[in-house]
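Each remark here refers to the structure printed beneath this line.
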Amino acid sequence: MAEFKGTREAFAAALIDLAANDDKIMFVSPDSLKAMRATKFAELYPEQYVEVGISEQNAVDTAAGLAAAGLTPFVGTYAGFMTMRACEQMRTFVAYPNLNVKFVGINSGLLGGEREGVTHQFYEDLGILSNIPNYTILTPADGYQTYKAVQMAAKINGPVYVRAGSGREANVYEKDAPFSSDGITVLREYGNDTLLLSSGFVLDRVLAAADLLKEQGVNVTVGDINILYGKNPEKIIEAIRKAERIVTVEDHNINGGLGAYISRLSAENAPKFVKRIGLTTFGESGPAKELADAYGFSPENIAKTVKENL
Amino acid sequence: MNSAELKQVADHLRMTAVDMVYKGKDGHPGPALSIADIMAVLFFDEMRIDPANPDWEDRDRFILSKGHACPIYYAALSERGYFGEKIEDFKLRALGSKFQGHPVMNKTKGVDMTSGSLGNGISIAGGMALAGKYRRKDYNVYVIAGDGELQEGVCWEGINSAAAHKLDNLIVFVDKNGWQSGASVQETIGSNNIKERFEAFQWDAQEIDGHDADAIKAAIAKAKETKGKPSVIVCDCVKGKGLSFMENDNAWHKGVPTEEQYQQAVKELGGAE
Chain W
1 MAEFKGTREA
11 FAAALIDLAA
21 NDDKIMFVSP
31 DSLKAMRATK
41 FAELYPEQYV
51 EVGISEQNAV
61 DTAAGLAAAG
71 LTPFVGTYAG
81 FMTMRACEQM
91 RTFVAYPNLN
101 VKFVGINSGL
111 LGGEREGVTH
121 QFYEDLGILS
131 NIPNYTILTP
141 ADGYQTYKAV
151 QMAAKINGPV
161 YVRAGSGREA
171 NVYEKDAPFS
181 SDGITVLREY
191 GNDTLLLSSG
201 FVLDRVLAAA
211 DLLKEQGVNV
221 TVGDINILYG
231 KNPEKIIEAI
241 RKAERIVTVE
251 DHNINGGLGA
261 YISRLSAENA
271 PKFVKRIGLT
281 TFGESGPAKE
291 LADAYGFSPE
301 NIAKTVKENL
Chain G
1001 MNSAELKQVA
1011 DHLRMTAVDM
1021 VYKGKDGHPG
1031 PALSIADIMA
1041 VLFFDEMRID
1051 PANPDWEDRD
1061 RFILSKGHAC
1071 PIYYAALSER
1081 GYFGEKIEDF
1091 KLRALGSKFQ
1101 GHPVMNKTKG
1111 VDMTSGSLGN
1121 GISIAGGMAL
1131 AGKYRRKDYN
1141 VYVIAGDGEL
1151 QEGVCWEGIN
1161 SAAAHKLDNL
1171 IVFVDKNGWQ
1181 SGASVQETIG
1191 SNNIKERFEA
1201 FQWDAQEIDG
1211 HDADAIKAAI
1221 AKAKETKGKP
1231 SVIVCDCVKG
1241 KGLSFMENDN
1251 AWHKGVPTEE
1261 QYQQAVKELG
1271 GAE
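From first to last, the protein sequence lines are chains W and G.
Position one of the first sequence corresponds to residue 1 (the working numbering), numbered consecutively onward.
Position one of the second sequence corresponds to residue 1001 (the working numbering), numbered consecutively onward.
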């Protein structure tokens, strides 16, 4: 495993390592080679790099064709250019025939798009894909987890979406920590006042909130949900059963992502109060930290929301 | 097969398609009949396929990008033996039928790609052709697209990148029958100069009579000789070709023959045998 920093470099490192042992691995680029930090992959495996130009629908269709002929293509670009512009191709020509195409969507969330502004920030991707059968949706929390998620994606038979960011994500996990196949990793167990669930790159903020709360005498359990709408949610349901109440935090619209998923699992299996922290409006340009703070993802605001709902 | 034999096959496929729509009480007969002669040449003369081994790695691939014309596709697959015995009643569009309203690769043996949402066949075929190049396979990928369909932007994305990748194992037929769902192509978009557009995108382009089996065969042979670029064969076709009451009447884009019209079809196309 080469050195890498953040989710984009993690993707490229994982892809290179996969290709070293599997000549079916392909990368389809709608002019996203640089954005995906995959230039080295193209140098090492020029025949496995397919450039189609700025044409996302064509990229997804091309990948469907490659997969139908037995290869394992990855399509990587900005999350919304795939899940929105090429949504129908992802549904009809990949998910419906259950083809082995892997998608890595960067710039997801406010933190993923930060200074670029709304055109390049995508907080709808999970809501879109959660409505399409056959997708496995992976939401790694940092670069190390993204590396593992990309590796897992290649092993799954069928379409997979890996949610990635800007590349400036804080590392939370140890480099060698596994990417949980149960869909949940419990990272703090201070107490049972609230089950605080996070998904994606807000995890460092959620952990900071848990520490703030502890100082204030509120003891929470923090879980990182890394697979959304997965096939085996038993461990997540187990955590919900043990919880007094739940707060979810996600850098996504509050509909269709983590909060909606946990609400459903709770309502159907073990009804608990669920408060969702997420986006309800479009974002704007700004430095990552200030932007995330302004839209409710500061540790202080997360802690405050937990306390208000005790 | 010689051209007389292929003409007979094409008319038989036409009759089977009409029978399918008549019995299923739904479907697109006009667009299906338009491409019968191209289908006959591809499935009965040209393509390297093995109905007993539909997933054969080295087979030629086929995508019916204008997926609504699928009755003729199902007829060709049945006639070639993909389903064992020839099918009497396809139960087209019926609940539980493997013959869906538009082609579905995991439901119907011999269908290489799901299609029906217009515009995507060429891009997907590009992926299949690239895979063939990468894996050093010598198969060809064939597509039939509609002339109306070419109004979809994604077609031109795929046409662009297929030329960039020099996919000379990709051969696209355009069924230029001049009609689309609502009106003529001319009325809808003002021009139908398909060959010139493909040429501008650096494709090898020919224009032929899409109902002349010899011309279709010769065009394919020329396309296969062309190296370093993909090929388009623009086929001048008549929508509803082969049935007097259907030809060039766009009401038959989608429609079900009456019993009287069905009997007329039996007469004109020589029966369903």
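Beta carbons: idealized from backbone N, C-alpha and C, even for Gly.
Only a predicted model underlies this, so the values are computations on that prediction, with no experimental measurement involved.
Cutoff 6 Å; reference residue i; Cβ partners in own chain excluding five residues on either side
i: Ala1162(G); result: Gly1126, Leu1170, Pro1230
i: Arg37(W); result: Arg8, Glu9, Ala12
i: Arg324(W); result: The structure shown does not extend to residue 324(W), since chain W is modelled only from 1 through 310, so no value can be given for it.
i: Ser1003(G); result: Ala1213, Asp1214
i: Arg241(W); result: Ala270
i: Ala86(W); result: Glu56, Gln57, Val60
i: Trp1252(G); result: Pro1029, Gly1030, Gly1240, Met1246
i: Thr1016(G); result: Ala1075
i: Val28(W); result: Val50, Ala59, Thr62, Ala63, Pro73, Val75
i: Gly1024(G); result: Leu1092, Arg1093
i: Tyr1082(G); result: Pro1051, Lys1109, Gly1110
i: Glu189(W); result: Thr221
i: Thr1114(G); result: Val1104, Met1105
i: Ala1032(G); result: Ala1017, Ala1069, Pro1071, Ile1072
i: Ala209(W); result: Pro299, Ile302, Ala303
Within 8 Å, strictly: CB atoms of residue i and residue j
i: Leu228(W); j: Ser130(W); result: yes
i: Met1105(G); j: Ile1072(G); result: no
i: Ala19(W); j: Gln48(W); result: yes
i: Asp1147(G); j: Gly1178(G); result: yes
i: Ala59(W); j: Leu99(W); result: no
i: Arg205(W); j: Phe122(W); result: no
i: Asn232(W); j: Gln145(W); result: no
i: Phe103(W); j: Val160(W); result: yes
i: Ile1124(G); j: Gly65(W); result: yes
i: Leu1013(G); j: Ala1075(G); result: yes
i: Lys1133(G); j: Asp1058(G); result: no
i: Leu1243(G); j: Glu1260(G); result: no
i: Asp257(W); j: Ser199(W); result: The sequence given here has Gly at residue 257(W), not Asp. Yes. Within cutoff.
i: Gly278(W); j: Ile302(W); result: no
i: Ile1122(G); j: Ile1087(G); result: no
i: Asp125(W); j: Val172(W); result: no
i: Ser1065(G); j: Val1143(G); result: yes
i: Ala1010(G); j: Asp1037(G); result: yes
i: Ala164(W); j: Ile128(W); result: no
Same chain only: Cβ atoms within 7 Å of residue i, ignoring 5 sequence neighbours per side
i: Asp1045(G); result: Met1001, Leu1006, Lys1217
i: Arg91(W); result: Ile132
i: Glu1187(G); result: none
i: Gln1151(G); result: Ile1189
i: Glu1273(G); result: In this predicted model, Glu1273(G) has a pLDDT of only 49, less than 50, meaning its place in the structure is not dependable; the value taken from the coordinates is given anyway. Correct list: empty, nothing qualifies.
i: Asn157(W); result: Asn100
i: Glu311(W); result: The first residue shown for chain W is 1 and the last is 310, placing residue 311(W) beyond what the model contains.
i: Ala153(W); result: Lys102, Leu138, Val160, Val162
Beta-ladder partner(s) of residue i, from DSSP
i: Thr72(W); result: Ile25(W)
i: Val1174(G); result: Ala1145(G), Val1234(G)
i: Thr248(W); result: Leu197(W), Arg276(W)
i: Gly223(W); result: Val186(W), Leu197(W)
i: Ser1184(G); result: Trp1179(G)
i: Leu228(W); result: Ile137(W)
i: Val162(W); result: Val104(W), Leu138(W)
i: Asn253(W); result: Leu279(W)
Cβ shell of residue i (< 8 Å), same chain only, five flanking positions each side left out
i: Asn309(W); result: Thr194, Arg245, Val247, Phe273, Lys275
i: Ala294(W); result: Gly286
i: Ile54(W); result: Pro30, Asp31
Output the residue ranges of the alpha helix (DSSP H) runs that lie fully inside the region 66-136 of chain W and measure 4 residues or longer, sorted by chain position. As summarised for the region 66-136 of chain W, the continuous alpha helix (DSSP H) elements at least 4 residues long and confined to that stretch are 109-113, 125-129, given in chain order.
Using Cβ-Cβ distances below 9 Å, what residues of the region 1057-1069 of chain G are close to chain W? Hits within the stretch, in order: Glu1057, Arg1061, Ile1063.
Which ranges does the beta strand (DSSP E) cover as unbroken runs of at least 3 residues, wholly within the region 28-62 of chain W, from first to last along the chain? Runs found: 49-51.
For the region 63-86 of chain W, list every residue whose C-beta sits within 8 Å of some C-beta in chain G, in sequence order. Cβ contacts with chain G: Ala63, Ala64, Gly65, Leu66, Ala67, Ala68, Ala69, Gly70, Leu71, Pro73.
Which runs of the alpha helix (DSSP H) at least 4 residues long sit entirely within the region 1196-1255 of chain G? Give them in chain order. Taken in chain order, the complete alpha helix (DSSP H) segments of 4 residues or longer contained in the region 1196-1255 of chain G are 1213-1225.
Ordered list of alpha helix (DSSP H) runs contained in the region 1057-1135 of chain G, each at least 4 residues: Those alpha helix (DSSP H) runs which fall completely within the region 1057-1135 of chain G and span 4+ residues are 1070-1079, 1121-1134.
Looking at chain G, which residues of the region 91-108 of chain W have a Cβ within less than 8 Å of any of its Cβ atoms? Going along the region 91-108 of chain W in chain order, one finds Thr92, Phe93, Tyr96, Pro97, Asn98 with a Cβ nearer than 8 Å to chain G.
Below 9 Å between beta carbons is the criterion; list the residues of the region 1112-1133 of chain G that meet it against any residue of chain W, in chain order. Cβ contacts with chain W come from Asp1112, Met1113, Thr1114, Ser1115, Gly1116, Ser1117, Gly1119, Asn1120, Gly1121, Ile1122, Ser1123, Ile1124, Ala1125, Gly1126, Gly1127, Met1128, Ala1129, Leu1130, Ala1131, Gly1132, Lys1133.
Contact list for the region 25-59 of chain W against chain G, Cβ threshold 7 Å: The region 25-59 of chain W vs chain G, Cβ under 7 Å: Glu47, Val50, Val52, Gly53, Ser55, Gln57, Asn58.
Mind listing which residues of the region 1080-1113 of chain G have their C-beta closer than 9 Å to chain W's C-betas, in chain order? Flagged, chain order: Val1104, Met1105, Asn1106, Asp1112, Met1113.
At a Cβ cut of 7 Å, what residues of the region 1242-1262 of chain G count as close to chain W, listed as they run along the chain? Within the region 1242-1262 of chain G, no residue places its CB atom closer than 7 Å to a CB of chain W.
Using a Cβ-Cβ cutoff of 9 Å, what residues of the region 1209-1237 of chain G are near chain W? List them in chain order. Listed by position along the chain: nothing, the set is empty.
Residues of the region 1151-1162 of chain G with a CB closer than 7 Å to any CB of chain W: list them in chain order, please. The region 1151-1162 of chain G vs chain W, Cβ under 7 Å: Val1154, Glu1157, Gly1158, Asn1160, Ser1161.
Which residues, in order along the region 261-288 of chain W, keep a beta-carbon less than 7 Å from a beta-carbon of chain G? Residues of the region 261-288 of chain W with a C-beta atom less than 7 Å from some C-beta of chain G do not occur.
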